Structures are given as C-alpha cells and as structure tokens.
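Below is one structure, written out as structure tokens, with a few remarks after it.
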Amino acid sequence: MAANLNMNCYVDESGQDPRSRRFIPAAVVVSREDQNQIREQLVDIERRAKTYGLKWRKTKTGRGLRYLRLVMEQGIAKRHIYLGYFKKPTPYFLPVVDTIESAIKQTVKNAYYKSGVYVDGIDSKKALELTNGLRSHGIRTRRVRPARDESEPLIRLADMWAGCARQGALGNNDCQELIHEAEKSGFLIVVTPKRPL
3 MAANLNMNCY
13 VDESGQDPRS
23 RRFIPAAVVV
33 SREDQNQIRE
43 QLVDIERRAK
53 TYGLKWRKTK
63 TGRGLRYLRL
73 VMEQGIAKRH
83 IYLGYFKKPT
93 PYFLPVVDTI
103 ESAIKQTVKN
113 AYYKSGVYVD
123 GIDSKKALEL
133 TNGLRSHGIR
143 TRRVRPARDE
153 SEPLIRLADM
163 WAGCARQGAL
173 GNNDCQELIH
183 EAEKSGFLIV
193 VTPKRPL
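Residue numbers (the working numbering): 3 to 199.
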C-alpha cells in the first residue's frame, strides 16, 4: 500500500466461549480502492470451497481449510492479515484494540492514512468505546462501525482465520499446520510477542 492510504480494517474474533483458553482477534486490512474486487474473489472462493458464506464454526473444518488455502493460493490480502493470541481471562476490549492498532500501524508504516474499522456484531456503545480506545493509541479512524458476517465477505475472511487459529490452539493438527505455514511464509502476521498454543 502506498502513501496517502485510504483503507479499511475488518475485524472478527474467536475464543469468547468458556472452552477456549485463548482469545484470538483477527484483522484484515485492505485499501478501499481494492476492497470490491477482493469481495468478489472471496465470494468465488466461498462457492468453490463450499463454505457458502458461513462462518468457521458453522462449516466443516475441511471446507474452512480449503477456503483458507484458496485465499493463500490467490494471494488475497497477503501480508495484511493480522492475528493476536491472548491468554484468557481477558476483557474483549484490550486485545481487540491491540490487534487493530498493530494491524494498522504495520500496514501504514508512517504514511499518512485514513482508516475505517468494521467489527463483527459490535453494538453502538462498544463501537464508541473502541473508537475512543483506538484514537487514544494514535490511530486515525472514523467511528468504528458494525459489520455482519452474513453480508460482508471481508468479515468472514477475518472470522475464518480467527476460527482456524483457535481450533489450532485447541490441538487440531491441520489448523496448526496451516497457521504455521501462513505465518512462516509471511501471508499473515501474528501481532502478539509470542504465539502461545
């Protein structure tokens, strides 16, 4: 992404349930200029992988993995997918702020930018709190807005990465291998200092 960036950050998470020991936010950063083309590519991949616009937890693991492999093969959002791993118990707010802040700062690398942040299922009160939290960390953003996975392929992309990472953290070897491969190749970036499994 070049100077004077105009971008959006799409965020979802996994691990709020009691079974999970990790809370894993995922952020996908795309330029506004490219996002419609990326959406079309993602919808095509969903059709090919037979995930049919579903979130990770509502689809079979094999189909979710196929979806992510197709995303990697096509290079969609390469180097602009960010995962955070946070040990529970942890409040929702801080890990999400940390992950978004790291994603945006690593993407812009001191360039001037404008950003929009879209978070799956966030209510207006939490959106305002998150907006203020990001701004207090030096992130230039308009007000955080809700996005629904049912209508936003980029939220579903963030959900798929977060869901796969969570399942890997719970011991699924195929998910662990895919996340390791994506991280090692630089396809995705882990923004927490050390990835605990």
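Just so it is clear, CB atoms sit at the ideal spot from N, CA and C, and this is done for glycine as well. Fair warning: this is a prediction, and the values are worked out from it, not measured in the lab.
Whole-angstrom distance between residue j and residue i, CA atom to CA atom
i      : j      : result
Thr63  : Pro97  : 25 angstroms
Leu136 : Glu103 : 7 angstroms
Gly165 : Ala113 : 31 angstroms
Asp161 : Asp36  : 20 angstroms
Arg150 : Gly140 : 26 angstroms
Tyr94  : Gly118 : 20 angstroms
Arg59  : Ile78  : 22 angstroms
Tyr120 : Asp19  : 22 angstroms
Asp122 : Ser33  : 19 angstroms
Ser22  : Leu172 : 7 angstroms
One or two residues paired with residue i in a DSSP bridge
i      : result
Met162 : Met162 pairs with nothing; no bridge assigned.
Per-residue DSSP class, three states only, for residue i
i      : result
Thr142 : In the sequence as presented, Thr is not what sits at residue 142; that position holds Arg. In this structure, Arg142 counts as coil in the three-state DSSP scheme.
Asn174 : coil
Pro27  : strand
Ser117 : strand
Lys111 : coil
Tyr84  : strand
Arg168 : helix
Environment of residue i [buried if 16+ CB atoms lie within 10 Å]
i      : result
Lys127 : exposed
His82  : buried
**Study point:** Sufficient close CB pairs (3 or more, under 8 angstroms) joining the region 54 to 70 to the region 129 to 149
**Key:** Fewer than three beta-carbon pairs drawn from the region 54 to 70 and the region 129 to 149 are found closer than 8 angstroms, and the two stretches are therefore not classed as touching.
Exercise for review: Please determine if the region 21 to 31 and the region 6 to 13 are in contact, where contact requires at least 3 C-beta pairs separated by less than 8 angstroms.
Suggested key: Result yes; three or more Cβ-Cβ pairs closer than 8 angstroms.
**Study point:** Inter-stretch contact (C-beta, 8 angstroms, three-pair minimum) for the region 45 to 56 and the region 80 to 97
**Key:** Taking 8 angstroms as the limit for Cβ pairs, the verdict is that the region 80 to 97 does not touch the region 45 to 56.
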